[in-house]
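Residues in the sequence shown are numbered consecutively from 25, following my numbering.
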Amino acid sequence: MGNFFLVPINFFAVLICSVSNMVVGFLWYGPLFGKNWEKLVGFTPEKLAKAKERMKKTYFAMFVSSFITAYTLFHFIWYAASGSVTLFISVKTALWAWIGFVMPISLTKHLFSPDKKPVSILFIETGYHLISLIMMGMIFNFIKQF
């Protein structure tokens, strides 16, 4: 196996990607699609108030999740082209990660949901992940210390 498991992780880039994921989420579920998403998932003023009570824990968990996603995507990109990472390879790898993992899992969840929400919620939620992964791929390319 040689050096297969020795991926030179750029933790600064992973951290920046984690923060960018939070920013994309803030914009996506805020001014861009927030009101529509809240309506589609059935948020009421009471549910929103309850969600705000645990927001610190939610944001912390989201940051940890973002860090894990960025760390994993870094590995995918490295394995796709170790030593010769380009913007095209980074974005392409992010896109394939979305196509292969995010979209099928989200679609399956949507299809078997007992609530039978409109398909537009699937597009909002998976669209966020698509943009976020592509942003991470771009950041990894621009912060090159592979």
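Built from N, CA and C at the ideal position, the CB exists for glycine as well.
What three-state label does DSSP hand residue i in the structure shown?
i	result
Phe170	Residue placement at Phe170 cannot be trusted, given a pLDDT of 46 that sits under 50; what the coordinates show is reported in the next sentence. Note: Phe170 maps to coil in three-state DSSP.
Gly107	coil
Ser130	helix
For a quick check, are the C-beta atoms of residue i and residue j less than 7 Å apart?
i	j	result
Val115	Thr150	no
Trp61	Ile158	no
Ala94	Ser42	yes
Count the other CB atoms within 10 Å of the CB of residue i; is the residue buried (16 or more) or exposed (fewer)?
i	result
Ala75	exposed
Tyr103	exposed
Thinking just about the alpha-carbon of each residue, which of the options is nearest to the one in residue i?
i	options	result
Leu56	Trp120, Ile163 and Ile155	Ile155
Just to confirm, does residue i get its C-beta within under 6 Å of one of the non-hydrogen atoms of the ligand ATP?
i	result
Phe67	Because no ligand of any kind appears in the structure shown, any question about the ligand ATP cannot be addressed here.
In the stretch 33-89, which residue ranges form an unbroken beta strand (DSSP E) of at least 3 residues, counting only runs that do not cross its ends?
-> none
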